[in-house]
Structures are given as structure tokens and as C-alpha cells.
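Visitor: Chains as they are written, first to last, in my numbering: chain D, 3 to 78; chain W, 1108 to 1840. The beta-carbon is built from N, C-alpha and C at its ideal position, and this holds for glycine as well.
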Amino acid sequence: MDPLQKLQAIFREFFDDPALTIAPETAPETLPGWDSVAQIQIVLAVEEAFDMRFTTDQVARLHSVGDILRILADLA
Amino acid sequence: MDHPPLPGPGGLTPEVALWLLGARERTAPETAGFLLELCRAHPRASRALGTALLAHLERTGLLDAAAFQGALAGQRAALEQTPLGTLVLAQCAERRGDLEEAVSRLRALDDPALPAQDSVILDLARVLARAGAGPEACAALRMAAGRSRDFGFLSRAAKQLARLKDLPRSCCARTLRVALLHPTTTDLWVPLLRLGLFREGIWAELMVPPYGTHEQAVLDPASPLYAFDPELVILADSWRELDLPAFSPDPARLAAQRVEHLAGRWRQLRDRIPARIIQHDFEVPAVDANGYLGQVMPGGRAAVIRRINDLLLAEARAHQVTLLNLDHLAGAFGKRAWDDPATWFTAKQYPAPAALPALVDGQVARIRAGLGLARKVLVLDLDNTLWGGVIGEDGLKGIQIGPPSAAGEAHLALQRYAAQLKERGILLAVCSKNNEQDARAPFLEHEGMLLRLEDFVAFTANWQDKPGNLRALASTLSLGLDSFVFMDDNPAERALVRQELPEVAVPELSDPARFVEVLDAGGYFEADWLSPEDLARSGDYLKNGQREALRTSSGSLEAFLQGLDMTCEHGPVNDHVLPRVVQLLGKTNQFNLTTRRHGEAQIRAFLADPRAWTQYFRLKDRFADNGLVGVVIALPSAADPKAWEVDTWLMSCRVIGRQLENFMFNTLLVAARERGIQAVCGLYLPTAKNGMVADLYPQLGFTEAGEEAGEGRRFRIDPALAPAHPADFISPA
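1. Is W:Glu1201 close to chain D? Criterion is C-beta to C-beta, closer than 9 angstroms.
2. Using beta-carbon positions only, say whether W:Val1736 and W:Leu1692 come within less than 9 angstroms of one another.
3. Does D:Asp69 get closer than 9 angstroms to chain W when you measure Cβ to Cβ?
4. When the cut-off is 9 angstroms and only beta carbons count, does D:Ile24 lie next to chain W?
5. Please state whether the Cβ-Cβ distance between W:Ile1309 and W:Pro1337 is less than 9 angstroms.
6. Give a yes or no on whether the C-beta atoms belonging to W:Leu1480 and W:Asp1635 are separated by under 9 angstroms.
7. For the beta strand (DSSP E) that contains W:Leu1145, what are its first and last residues?
8. So, with DSSP's three-state summary, where would you put W:Ser1838?
9. So, at 7 angstroms on beta carbons, what are the nonlocal neighbours of W:Pro1574 in its own chain, with the 5 sequence-adjacent residues on each side left out?
10. Tell whether a beta-carbon distance below 9 angstroms holds between W:Leu1418 and W:Leu1430.
11. Sort D:Arg55, D:Ala40 and D:Glu27 by Cα distance to D:Phe16 and report the nearest one.
12. For W:Arg1256, which three-state DSSP category applies?
13. So, with DSSP's three-state summary, where would you put W:Phe1563?
14. For a contact defined as C-beta to C-beta under 7 angstroms, what are the partners of D:Pro20 on chain W?
15. What three-state label does DSSP hand D:Ala21 in the structure shown?
16. Starting from the beta carbon of W:Gln1456, find every residue of chain D whose beta carbon is closer than 8 angstroms, and list them in chain order.
17. Under 7 angstroms, CB to CB, which of the residues in the region 1534-1545 of chain W have a partner in chain D?
18. Helix, strand or coil for W:Ile1533? Go by DSSP, reduced to three states.
19. Alpha carbon to alpha carbon, what distance is there between W:Leu1302 and W:Arg1281?
20. Starting from the Cα of W:Lys1749, find the closest Cα among W:Cys1675, W:Ala1708, W:Ala1731 and W:Ile1824 and give me that residue.
21. Nearest-angstrom Cα distance between W:Leu1503 and W:Ala1599?
22. Determine the DSSP secondary structure at W:Lys1540, reduced to helix, strand or coil.
23. I want to see whether chain D comes within less than 9 angstroms of W:Ser1355, judged by CB atoms only; does it?
24. Check whether the Cβ atoms of W:Leu1102 and W:Ala1286 sit closer than 9 angstroms, and answer yes or no.
25. At least one CB of chain W closer than 9 angstroms to the CB of D:Leu33: is that the case?
26. Quick check: the Cα distance between W:Glu1390 and W:Asp1350, rounded to an integer number of angstroms?
27. Examine chain D for any beta-carbon lying closer than 9 angstroms to the beta-carbon of W:Asp1572, and answer yes or no.
28. For W:Ala1831, tell me which candidate among W:Gln1806, W:Glu1208 and W:Glu1818 has the shortest Cα-Cα distance.
29. By DSSP, does W:Asp1747 sit in helix, in strand, or in coil?
30. Just to make sure I have the definition right: I need the residues of chain W whose C-beta is within less than 7 angstroms of the C-beta of D:Ala159. Which are they?
31. Taking D:Thr58 as the query, report the chain W residues whose CB atoms sit under 8 angstroms from its CB, ordered along the chain.
32. Kindly indicate which residue of W:Glu1367, W:Met1404, W:Glu1137 and W:Phe1141 has the alpha-carbon position closest to the one of W:Pro1112.
33. Does the contact criterion of 3 or more C-beta pairs under 8 angstroms hold for the region 1488-1500 of chain W versus the region 1532-1551 of chain W?
34. Can you give the Cα-Cα distance for W:Ser1661 and W:Ala1612, rounded to whole angstroms?
35. Flag this pair as yes or no: are the beta carbons of W:Arg1765 and W:Asp1728 separated by less than 9 angstroms?
36. What are the start and end residues of the alpha helix (DSSP H) that includes W:Trp1373?
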């Protein structure tokens, strides 16, 4: 399953919207509800789904779906 | 077969399934057929797998293709036979907008006989909400909230609850205005607290001062906190704000200073609002540069925090503040996991998100206890719950209790825990599907048994359904079902009770070794303080049985009452009896004319008003001290200074039919005459449970004085003319 698909499942779950489509450009500015609280929960959900931990520095610089994908790609 | 053999369920992860699905070109019917094989290979309705499959079909454009839809429709009957297939069909139905089909498929999956499902209940709640079935969605969420202690799961449930806006309020028996004062982030915490209270039938209006203003909120009389007028203030301080040095030269003074600061806040609050206060104590953090020295040297940080906690406990008692023992909660959870530095540094989140459910459970237990809502009865199944094995099949020699069987030791541990609950006044009862004789045999003849028949206030062993048995038990004990906790190893029985009797708490059990842990973590029986009534209670209910025997043997009611040798002590409500009075106000449902759930603060306000009249009643008889069992509160009428309104009149069901209500009425009349009151006005507000007192006032000679706002009935009586009612068998203490 490619990471974007997997992230999409996480976002659909979190935003409770089974039809939600995300892209690398998707960011807090373009996705209503992606606020600072959601950010923490998304980070936790991604960590659980991908069995990894973000560093504190990475979390501070997460501003879009693309940012998450880049970090995941670096791990692979 | 067009693929290698499918891996076992453990190996069939979403990745593997998708790889297999995409490994070669397939026609639409072939894909539908392969989907069925995957569903058959996996025993559970795994949401991760279902969601992944659907996403793949969506991405390849197959999902909406007519050819694939047709092929899928042909496989329907076979797919329905598998949990995963049912889930996929439900997801397809939801996508199509056929919410009714989605609901019925998800309901079929939410079946305890199936292997554990991943949070299907949340899908069910979501689809129900989308379909406009709000109350059903609320019921599903309430069930979900009791099922898991996982942060992610509960957060999703809490989000759904928030989306239902004000609807869940109407599903709750009561509301509570709560202010949560915490030095840092509460965004993840607040929704879980709301959900935790919702689970208990309490709708919380929550108020949280903005980040970093919790001190000002208390100090500033014009702060939004006071405008909000909370009934409960939770002071959720944490160890970082104590700002303790790693090593302190004057630990006694430092600890006293910190505690004085907190006590000062309590006094500020008390001066301005009559709210109940819950104060967190302080976690002794796992991390300490001084390590062992920090614990053993008097000036060490750990030693100082322990000292602060001890002082805080004494101060809290003196100020009638409830302490939430955070250090214990953190320790039980595991301190290294409780405080997660990563979420602290990035989000100022304390404790760690994963620990929030445990913290909320601790808070909810304290809140319940304060409202007099702690549960009172532990109902136990027998086979595979109180012992290992099935007595009717395995016989006395075949069941396991205690060593050398490991399972037997686990069941014995539950017996020991139950016996300890009983010692502090929790009632034990048996509810088992068994022949009565079989069910009793181990208690009488098995030497490994710790619990004896006389430890139980009721023993139900028959083949009727358990919800019916529990209802009967509630009526025998004159207790509400909301005071019951039901422990049964059988998931189908648990599900039936949850469904039929949502007010009963039903812990989720699996491994007998964890029964005690699960029961303990639920905090069902948590009390704030132990009253003499609690300690005596178990014996009382047994003696109720003996009284019944006297009743049937003594022929007439008069002879029975005479034989009880009852004495009643009564007087104005005071500090000493206040906790018990508040407890009764919170939990008395049947003999309760107005069912007004006044809290401690409100009662204190009444006590401060010289024109108000409060009275508690304590009844003793030959068999037992029944303790404080009745409360009457009369307030001056706003319309007529010479009249009293009976704000509250309640009596515990344990003493119904003993003429105590007459005794209480006579006492009220005497007081009214002494104060020159010319009219006593009574109000009956009907609820689902207080039908027994609907005609109490007319029976006592009151005349009807009209409807109250279309809901209740008003009555009045002139105390000078009112006749006393017979209460000859009760003598004043």
C-alpha cells in the first residue's frame, strides 16, 4: 500500500469523512479542521500506523501531507 | 487459483492483501472473486484491511465500474457469510449513500459471538448519525466509550460526540457545569472528559480558561470562571509548576509554602462560588537527576513532593476538598509512559495522550462519588467467572479454585477481591445460569472456595435471561440498576445486559488472570470517604431478609413493627452528616418527592439561611442501625413569608413501610408550628421512578393546590389543622 493511500486512510478516519481525498499539497490551510490539536493526533496516528516516531524537530516542521511523505520516504 | 496460497490471518496485512490484489491483471469478476477469497481467509472484520481493499478498488476505478458492481452483487450472499466481507459491503453501502443497509450490516458485525472487531461500533455510530438516527448514535457512542481505554479510539468517539452537538445532552440524566483549570494544554483532554462523563449519563458543560491563565482565573473576581458559576472546579495542577529545585535546603518550609498556595486558591474559590473542588495531587516524576538520593534525602525533589502530597491530603480534608491521587494514577499506569517528553516539548501536553483515558477515568470516579453515584452491588456469574470450569458438567472435582491450577488462582483472586469489597460495604450477588443445587454445591462443599453463601445478599441460579434476573434483583434490594456492576465471562451475556440494561456497568473480560485488574481499573465502587453506614450495609441487607422472616411470622403489620423496636434520631443537617445527606440526595430515586440533586455547596447555602429548615433522620431497629435514611428540607416561600415550600423530602427504600414517613411528617409539622408557619406547601415532581410517592401528600391530608408549570402537582396544608399520623412504633432517640 503506498504511503499516500495509507495516509489517506488515516485522514479519512480522523476527519470522519470516508470520501476525503488528500494530496501532497494538502495542508492545514486547505483542509478545514487540521488545526494544532488535530496536528498532534495526526502525528500520533501516523506513528502508530507506520510503526515509527517523529523527532521533535520533524514535528515542528510538519506543514503538509508532502512533509509527512518526505519523512516517511527518508525512513525507507 | 491464480495466486500462491494465501497467508494465514496474521500474515494477511493490508500491504500483503493489496500486493496480492495488484500482482496481476484481473477482470472485474476475477477481482470480485479474489476479494471473496481474501475475506474468507481473514477471520475478523479488520477495518484496516477493509479500508485498504476499498481504497485500492477506488483507485483502480473498479469500485464504480458497472462490471465490478455486478460481479460483487453476485458474490453478496457469500461475502455476507464472512465478517470482513460484511464490513466491505457496509463500506460500499455507505459510499453509495445507502445508510440503512450500512447500519444493518454494521449492526450484524457488532455481535459479541464474532471474534473481536476493530471499532466497528464507531462506524456504526457515524453512519447512524449520518442517517439522522441521533439517539441511536448516542447509544452506540455510550457503548463505545465503555469498551476501550485506547486514546485513539476514544478520541474518535469523542469527536463524533462533539459532532452530535446538543443531542447527547438529552440522553443524559443530569448536567454538570465543570471548570477545568490546568496550567498547560487541555485540547486533547477536554473531549475525553466530556465523553467519560457522557458514558455515566452526565452531560458536562465544560469551561476551560485560556492557556496560561488558570491562576488569574481564580484570583480575578471578574474572570469568566466566576461568570460561568461552575458546580465543580477541577484544579489539575502538575509537578512542573511546583517549580521545585532538585535539592532543597529547607524541605519542610518549601512544602508548606506550596500547599498554602493551593489552599489559598481553595479559599478564594469558596469565597466566591459554592462549587465542589477536586484538587490533583502531584506525580513524583520517574526522571530525577538525583535518582535514589532524590527519594531518600529529605531535601530531594521526590521526597518533597511526597511531603507536599501528605500535607495536601490533610488540608484537603480540613477544607472539604476532594483530592485526586494523581501520583497513584500515574504509578498504576507506568510513570515512564505517563509523562511523554516528546508530546511535552512539542505540544505542552501533560500527561501523555495515551495516559489521558486513565486520568479521565480517575476524574470521573471522583465526580461520580461526589454526586453519590458510586455503584453498590457487584453481581457475579459463577462458571468460569467465580471458578474455572462448569460445575454442572465438570462437577465438584473438575472445577478450578485456587492452586495448583493457575486459572484456579486467578478465580480465587477475584473471590478475594470481592470479599474485600464486601468488607467495605459493597453488596455481592450471584446471577448464574445453572441448576440452583449445582450452583450452591461449591459454596457448601468445595474447600478451596473463599466466598460463602452468606457473603451474598442474593443468589440467583436459574435458566432465565440475565437482564430479567437483574431487574428482579434490583427490585428485591430496592436499588436502581445504575448501582450494579455485572461480571460475566460470557461475551453474549455481557452484550445482552449492555443492550437491555444500559445503566448497568459491564466490564469487558477476557483472561481470568486480568478479571481483578479490569474490575479495579473501572473504579466503579470508588467512594470519597467511608461512612459507618457503608461498613454496616452488607449486614443490613442480610438482616432485611431476617426482618422479612419476622414479618411473615408475626402475623399482623402492627406486631411486626412493634417487634422491630425502632428508634429515630433526627436533627438539623450538620457538617457531620452532610456527606451522607449529599449522597442520599444524589442517589435516592423512588421515595423522593422532587428528585432535586442538590450538591454539597447548595446544602451549605440552605444551612446558612436561618429561615430554611433542614432535618436528617436516622433509624435504628433491633436488627441493625439503618443509618441516616431520610432528609427533609423546607424553604421559606418566595410568595408568602408565613409559608414553607418542601424543597426536598426523600427516604431510603430500605426503610419503606416502617411508618418513618409519618414520623418525618409529624416532625415537619411540629417545626412548622413552632415557627408560626401557616401553610406547608408540598410539590410532587414525577419521574420514571418515584411513582410510589405520587399520592403521598393527599394521603397525609394535604389538599391539591394546582399544577406546577404543567409538570408537577402542588399541595398545601395548614400545620395548625393537620392531624398527626401514626408513628407509634418509632420512638425518638
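Guide: Checking against the coordinates, here is how it stands:
1. yes
2. no
3. no
4. no
5. no
6. no
7. Careful: W:Leu1145 lies outside any beta strand (DSSP E), inside the alpha helix (DSSP H) at Ala1135 to Ala1148.
8. strand
9. Leu1603, Val1604, Glu1607 and Leu1608
10. no
11. D:Ala40
12. coil
13. strand
14. Glu1201 and Arg1202
15. coil
16. Ile42
17. none
18. coil
19. 14 angstroms
20. W:Ile1824
21. 25 angstroms
22. strand
23. no
24. Nothing about residue 1102 of chain W can be reported from this structure: the residues present for chain W run from 1108 to 1840 only.
25. no
26. 13 angstroms
27. no
28. W:Gln1806
29. coil
30. As shown, chain D starts at 3 and ends at 78. That puts residue 159 of chain D outside it, with no answer to give.
31. Ala1449, Phe1452 and Thr1453
32. W:Phe1141
33. yes
34. Caution is warranted here: a pLDDT of 49 is assigned to W:Ser1661, below 50, making its placement in the model unreliable, and the coordinate value is therefore given only provisionally. Spanning the two alpha carbons is a distance of roughly 39 angstroms.
35. yes
36. Pro1358 to Arg1379
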